[in-house]
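Number 110 in numbering that gives the first Met the number 0 belongs to position 111 of the sequence shown; there are no gaps in the numbering. Even for Gly, the Cβ is constructed at its ideal location relative to N, Cα and C. Predicted model only: the values in this text are computed from it and were never measured.
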Amino acid sequence: MDTELLRDIPVLRLERCSPEKSGLVLAAYLAQEDLQKAAARLLERDYFLEDISMVEVSEGFLGVYHFDHFEMPGRIALRVLVEKEAAVLPSISKIYDGAAWHERECRDFYGVTFPGHDNLTPLLLSAEDEALHPLRKETKSLKKIMDLIEPGDVLKESPGFSLFAVASEPDADAPPEAQKKATTKQSTGQEQQK
Numbered sequence: 000m001d002t003e004l005l006r007d008i009p010v011l012r013l014e015r016c017s018p019e020k021s022g023l024v025l026a027a028y029l030a031q032e033d034l035q036k037a038a039a040r041l042l043e044r045d046y047f048l049e050d051i052s053m054v055e056v057s058e059g060f061l062g063v064y065h066f067d068h069f070e071m072p073g074r075i076a077l078r079v080l081v082e083k084e085a086a087v088l089p090s091i092s093k094i095y096d097g098a099a100w101h102e103r104e105c106r107d108f109y110g111v112t113f114p115g116h117d118n119l120t121p122l123l124l125s126a127e128d129e130a131l132h133p134l135r136k137e138t139k140s141l142k143k144i145m146d147l148i149e150p151g152d153v154l155k156e157s158p159g160f161s162l163f164a165v166a167s168e169p170d171a172d173a174p175p176e177a178q179k180k181a182t183t184k185q186s187t188g189q190e191q192q193k
């Protein structure tokens, strides 16, 4: 697998994955503004879009884009996290025509919108149910990304990327003020990544 495939595209984290465990060879976490550029690069290299799915997690919505190649093994996932309050991902339907259906499905089920999409009318739900998003979960039942996805071997990671950061336990021998400070620092560090 060509790990240089996304060389000049800013990735937040790039992982080499085990196909036996995940079905992937590469996973890239991107900022939403870099999604279209990454999708265009994959199209240039003859990758096809398998699917687009959405996962609601405690950090927001994780858009998952799976790509594969007919001539060489190399299933790739592009993953983009967006906040619930701003559940917007740029459409890739002008790059991959097949994305149009998947984006409409994600909009129906989760309420994520895709600027640049020419037809975001409900696909599976009726027009009267446009505000109903049946796959949304209650906040208390949401899990963190790190509890749902087994990370691959990190090839590259931007400073500040903390979706897989494990919070360390405060030192039990430290004074209570230091324990509280360590816990506060951990929680604010994770909040900033949202």
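Please confirm whether residue i and residue j have their CB atoms less than 8 Å apart.
{"i": "ARG44", "j": "LEU5", "result": "no"}
{"i": "LEU48", "j": "PHE66", "result": "yes"}
{"i": "GLU55", "j": "LYS143", "result": "no"}
{"i": "TYR109", "j": "ALA38", "result": "no"}
{"i": "PHE160", "j": "LEU11", "result": "yes"}
{"i": "LEU154", "j": "LEU13", "result": "yes"}
{"i": "LEU124", "j": "ASP107", "result": "yes"}
{"i": "PRO114", "j": "SER90", "result": "yes"}
{"i": "ASP50", "j": "HIS101", "result": "yes"}
In angstroms with no decimal places, state the Cα-to-Cα distance between residue i and residue j.
{"i": "ALA26", "j": "CYS16", "result": "7 Å"}
{"i": "GLU3", "j": "ASP128", "result": "44 Å"}
{"i": "PHE60", "j": "PRO9", "result": "20 Å"}
{"i": "LYS23", "j": "LEU147", "result": "Rather than Lys, the amino acid found at residue 23 in this sequence is Leu. Cα-Cα distance, rounded: 15 Å."}
{"i": "ALA130", "j": "LEU141", "result": "21 Å"}
{"i": "GLU70", "j": "LEU42", "result": "14 Å"}
{"i": "PRO18", "j": "PRO150", "result": "12 Å"}
{"i": "ASP7", "j": "GLY73", "result": "19 Å"}
{"i": "HIS132", "j": "VAL165", "result": "31 Å"}
{"i": "LYS83", "j": "HIS68", "result": "32 Å"}
{"i": "PRO158", "j": "LYS36", "result": "21 Å"}
{"i": "SER52", "j": "LEU134", "result": "12 Å"}
{"i": "ASP194", "j": "ARG103", "result": "Here the chain comprises residues numbered 0 to 193, so residue 194 is not present and cannot be evaluated."}
Using CA coordinates, which residue listed in the options is at the minimum distance from residue i?
{"i": "GLN62", "options": "PHE69, ILE94, LEU42, ALA98", "result": "Looking at the sequence shown, residue 62 is not Gln but Gly. For the residues PHE69, ILE94, LEU42, ALA98, the minimum Cα distance to GLY62 belongs to ALA98."}
{"i": "GLN31", "options": "THR112, VAL165, PRO72", "result": "THR112"}
{"i": "CYS105", "options": "GLY115, LYS93, PRO121, ASP117", "result": "PRO121"}
{"i": "TYR46", "options": "ALA76, MET53, SER52", "result": "ALA76"}
{"i": "ARG78", "options": "ALA85, TYR64, TRP100", "result": "TYR64"}
{"i": "SER21", "options": "ASP152, SER157, GLU156, ASN118", "result": "ASP152"}
Among all the DSSP beta bridges, which residues are the ones paired with residue i?
{"i": "LYS155", "result": "LEU13"}
{"i": "LEU25", "result": "ARG15, ILE75"}
{"i": "THR112", "result": "VAL87"}
{"i": "ASP66", "result": "It should be noted that the sequence gives Phe, not Asp, for residue 66. Answer is LEU48, ILE75."}
{"i": "PHE160", "result": "PHE160 pairs with nothing; no bridge assigned."}
{"i": "GLU55", "result": "PHE60"}
{"i": "LEU80", "result": "LEU61"}
Could you check if residue i is buried or exposed, using at least 16 other CB atoms within 10 Å of its CB as the buried criterion?
{"i": "GLU58", "result": "buried"}
{"i": "ALA85", "result": "exposed"}
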